[in-house]
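J.: Residue numbers (our numbering), protein chains in the order written: chain A, 111 to 519; chain B, 4 to 135.
Using N, Cα and C, we set each Cβ at its ideal position, and we do this for glycine too.
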């Protein structure tokens, strides 16, 4: 195992001290859905409310100045965290879903017309599928999908063939929330650009777990949420290349996104405010900044290595259990996500029994119904790992699965 | 608050030296601060040597935005366009001699933003102009 000091890390997360029932500690294996929050993130938000709470940007009083400074400082942190050229390329949204919807509603409506091709993949979360279906219905677009192989990888031959049809946009997930597959984003993006397409990378699962460098990836858009990276819910990010964001029409109308307003017209504000109408989630933005500080202090490389060690171990142990099938590629090509079925047992029953043992996993289609259709399964049970999980927790999980097997076997 | 409203700022606000309009002019530009509605227009006249021989501003807004414009105009008289392009955010803050938070900074730097958009011949002012 690598050198993450999990005992020290676990002490940073108050929720990890709780028991699900007397004597049964929480084993949280659902970070892919949302990560737990360290005390420093909660404290940063509480400090803001206790000492500096004020609306941002227009006020001239001390609290407003402090709130504005903290809000914009977090934007600098985000920019630095992903390697953006400027903080003005960082747009605050509610979450990954809103970031993608923003692109569909503004860039999409301005640039996509009848017959235009949008390439997605068969492994997309509904958030990177439904917005494009909605726009396709409105604009009569063509949607095509890079197929997923039986190993849970994207079929690059299929992608190459689709690229020959002059796509306008290629939008795909960096890391599958079901299979755990880490897609070769840099290559896929570069191929899309060669074909003249704009790219959108859904980084909801990759940003919390891997070092992500915008300059290296060169994607046109990137979307992620704070809550999966130890930050609060209700705040997400859309990164966009400056020239593309500049050319896009605004998203929602209202306060803060305007430069001038007359009774019958308005002119939009500069980036990034052009896309941030209304009072934003100020405390959550500050919480996200604290989460970035926290993750960076530990190190994204170290976190990725820790996740990798856990998934290697978990896959090894899962193979021991009769009737268990794990979906997705080998540990070398995936993050810390194990979605599996157990023969003769419905995933909901697996999850229910694991809960009795204090283990939190997720059961269902994980907002990726088409992918489950592809594998001819209605649902899977998903265990996912993060920086606070340990090898002994994997052992608890495996022992509990044996109990499920015995109960139903 | 004494700091923020130094005598020079109140004085320049009440009795600006360079408020007005130049018609005709060689360069003119105007813009707003969307946060509070401050407005500044700057007109410049160039001499045969290419130096700024006359300059004026007009507009409305808080004492900081208007005093900053007046001080900035004074500081660029006699300079070439190339020299004005090199004026930095800190130069304006030094003229004002005060420390400002992020909200009031926008007020203080509106005139610099307008001036720079003018001397660069831009169609639109951008916050990039006052980032350094």
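1. Are the C-beta of residue 379(A) and some C-beta of chain B separated by less than 9 Å?
2. With 7 Å as the C-beta to C-beta threshold (strictly closer), list the residues of the region 169 to 201 of chain A near chain B in chain order.
3. Over what stretch of residues does the alpha helix (DSSP H) that includes residue 135(B) continue unbroken?
4. Based on the DSSP secondary-structure assignment, which residues constitute the bridge partners of residue 444(A)?
5. Counting only Cβ pairs nearer than 8 Å, list the residues of chain B close to residue 369(A).
6. Are the beta-carbon atoms of residue 365(A) and residue 389(A) separated by less than 9 Å?
7. Mind checking whether residue 231(A) and residue 256(A) have CB atoms under 9 Å apart?
8. For residue 122(A), which of helix, strand or coil comes out of DSSP?
9. Per the DSSP calculation, residue 285(A) is bridged to which residue(s)?
10. For residue 372(A), would you say it is in contact with chain B, using Cβ-to-Cβ distances shorter than 9 Å as the test?
11. Give a yes or no on whether the C-beta atoms belonging to residue 98(B) and residue 32(B) are separated by under 9 Å.
12. Is there a Cβ of chain A sitting closer than 9 Å to that of residue 130(B), yes or no?
13. Please indicate yes or no: does the CB of residue 376(A) lie closer than 8 Å to some heavy atom of the ligand NAP?
14. Could you check whether residue 252(A) and residue 223(A) sit closer than 9 Å to each other, using their CB atoms as the reference points?
15. If contact is defined by three or more beta carbon pairs under 8 Å, each pair taking one atom from either stretch, is the region 134 to 146 of chain A in contact with the region 496 to 505 of chain A?
16. Is there contact here, the region 295 to 307 of chain A with the region 268 to 286 of chain A, by at least three beta-carbon pairs under 8 Å?
17. My parser needs the beta strand (DSSP E) runs of 3 or more residues fully inside the region 52 to 89 of chain B; what are they?
18. Within its chain, find whatever has a CB closer than 6 Å to the CB of residue 42(B); leave out the 5 residues flanking it on each side and keep chain order.
19. Less than 8 Å between the CB atoms is what I'm expecting for residue 396(A) and residue 184(A), so what's the real figure, rounded?
20. Using a Cβ distance threshold of 8 Å, determine whether the region 63 to 81 of chain B contacts the region 17 to 33 of chain B, with at least three qualifying pairs required.
21. Chain B beta carbons: is any one of them nearer than 9 Å to that of residue 337(A)?
22. How is residue 515(A) classed by DSSP in three states: helix, strand or coil?
23. In whole angstroms, give me the CA-to-CA distance for residue 490(A) and residue 309(A).
24. Pull up the distance between the alpha-carbon of residue 94(B) and that of residue 12(B), whole angstroms please.
25. With 7 Å as the limit, tell me which residues of the region 97 to 128 of chain B have their beta carbon closer than that to any beta carbon of chain A; keep them in chain order.
26. Please state whether the Cβ-Cβ distance between residue 29(B) and residue 48(B) is less than 9 Å.
27. Under a CB-based cut-off of 9 Å, is residue 476(A) close to chain B?
28. Tell me the residue span of the beta strand (DSSP E) that contains residue 472(A).
29. So residue 206(A) is in the alpha helix (DSSP H); what residue range does that whole segment cover?
30. Mind checking who residue 491(A) pairs with in its DSSP beta bridge?
31. So who's on the other strand from residue 312(A), going by DSSP bridges?
32. What span of residues does the alpha helix (DSSP H) with residue 395(A) cover, start to end?
T.: The answer reads as follows:
1. yes
2. Only 169, 170, 174, 175, 178, 179, 182 from the region 169 to 201 of chain A bring a Cβ to less than 7 Å from some Cβ of chain B.
3. Run containing residue 135(B): none; DSSP gives neither H nor E here.
4. 291(A)
5. 35, 37
6. yes
7. yes
8. coil
9. 292(A)
10. no
11. no
12. Chain A, which has a Cβ nearer than 9 Å to the Cβ of residue 130(B), makes this yes.
13. Annotation note on the ligand NAP: not contained in the displayed structure, which lists no ligands.
14. Between residue 223(A) and residue 252(A), the C-beta spacing is not below 9 Å.
15. yes
16. Result yes; three or more Cβ-Cβ pairs closer than 8 Å.
17. 55 to 63
18. Excluding residues within five positions, the ones whose Cβ falls inside 6 Å are 35, 62, 63.
19. Separation of the CB atoms of residue 396(A) and residue 184(A) is rounded to 6 Å, and the pair is thereby assigned contact status at 8 Å.
20. Touching, per the Cβ criterion.
21. no
22. helix
23. 30 Å
24. 15 Å
25. Residues of the region 97 to 128 of chain B with a Cβ closer than 7 Å to any Cβ of chain A, in chain order: 104, 105, 106, 107.
26. yes
27. no
28. Per DSSP, residue 472(A) belongs to the beta strand (DSSP E) from 472 to 474.
29. 206 to 213
30. 450(A), 473(A)
31. 283(A), 333(A)
32. 392 to 408
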